[in-house]
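Asker:
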Amino acid sequence: MKSWRCWPLFLLGIWVGSVQASAPVVLTISGHIQAKNGSHRVDFTVADLQKLPQQRYRTLNPWVSTPHTYQGPRLTDLLKRVGAHSQKLTLVALNDYRLDLNLTDIRKYQPIVAWSDNGQQMSLREHGPLWLMLPVSQYSELKASRYNQYMIWQLRQIIVQN
Numbered sequence: 034m035k036s037w038r039c040w041p042l043f044l045l046g047i048w049v050g051s052v053q054a055s056a057p058v059v060l061t062i063s064g065h066i067q068a069k070n071g072s073h074r075v076d077f078t079v080a081d082l083q084k085l086p087q088q089r090y091r092t093l094n095p096w097v098s099t100p101h102t103y104q105g106p107r108l109t110d111l112l113k114r115v116g117a118h119s120q121k122l123t124l125v126a127l128n129d130y131r132l133d134l135n136l137t138d139i140r141k142y143q144p145i146v147a148w149s150d151n152g153q154q155m156s157l158r159e160h161g162p163l164w165l166m167l168p169v170s171q172y173s174e175l176k177a178s179r180y181n182q183y184m185i186w187q188l189r190q191i192i193v194q195n
């Protein structure tokens, strides 16, 4: 008679387990792209990003007091993967902050879409899950405040413009 009371908890456990089993999309690239599936939108999970060639930068930036090691794929590799046909991008953060970017302005610095900070997957609280990171410590010109705007944290979408 008492066993029927456990069913709601059992079903809740199955539902929670299934929700946790599917990895969330952390980045969408859309717009002027030629994705393999023929669409103009590609979604990435952290696991998808981790499968791409990885780059690591040990660098300072205006938001940390000591050098951190950031890891992630190069932005150019991501754009190549989705068949981007333009250097003009709009980067969108979780809070809807938007930045229009001409990739030619920062291409030589090879920014990465970092998912890891000092070996730990970044959380929302730690500027994650994704942060566009420049190797500030490797190039003195990147210390100029105008480059700070490019390092958009909580990145969720890249729109490739015409």
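In the numbering used here, each residue's number is its place in the sequence shown (first place is 1) plus 33.
Every residue, glycine too, gets a C-beta built ideally from N, C-alpha and C.
(1) What is the DSSP secondary structure of L132, counted as helix, strand or coil?
(2) Who are M155's beta bridge partners in DSSP?
(3) With C-beta atoms as the reference, is P144 less than 8 angstroms away from L167?
(4) Within the continuous beta strand (DSSP E) that includes V79, where are the two ends?
(5) Evaluate the contact criterion for the region 105-121 versus the region 143-162: three or more CB pairs, one atom per stretch, below 8 angstroms.
(6) Can you tell which of I66, V79, G64 and H65 has its C-alpha closest to the C-alpha of S156?
(7) So I192 and S63 are supposed to be a Cβ contact under 8 angstroms. How far apart are they, rounded?
(8) Nearest-angstrom Cα distance between G161 and R131?
Answerer: In short:
(1) Correct three-state label for L132: strand.
(2) According to DSSP, which records beta bridges pairwise, M155 is partnered with nothing at all.
(3) The answer is yes: Cβ separation under 8 angstroms.
(4) Note, V79: premise wrong, no beta strand (DSSP E); alpha helix (DSSP H) at V79 to K84.
(5) Yes, the region 105-121 is in contact with the region 143-162.
(6) Per the C-alpha coordinates, the member of I66, V79, G64 and H65 positioned closest to S156 is V79.
(7) I192 to S63, Cβ: 6 angstroms. Contact.
(8) Taking the straight line from one Cα to the other gives about 16 angstroms.
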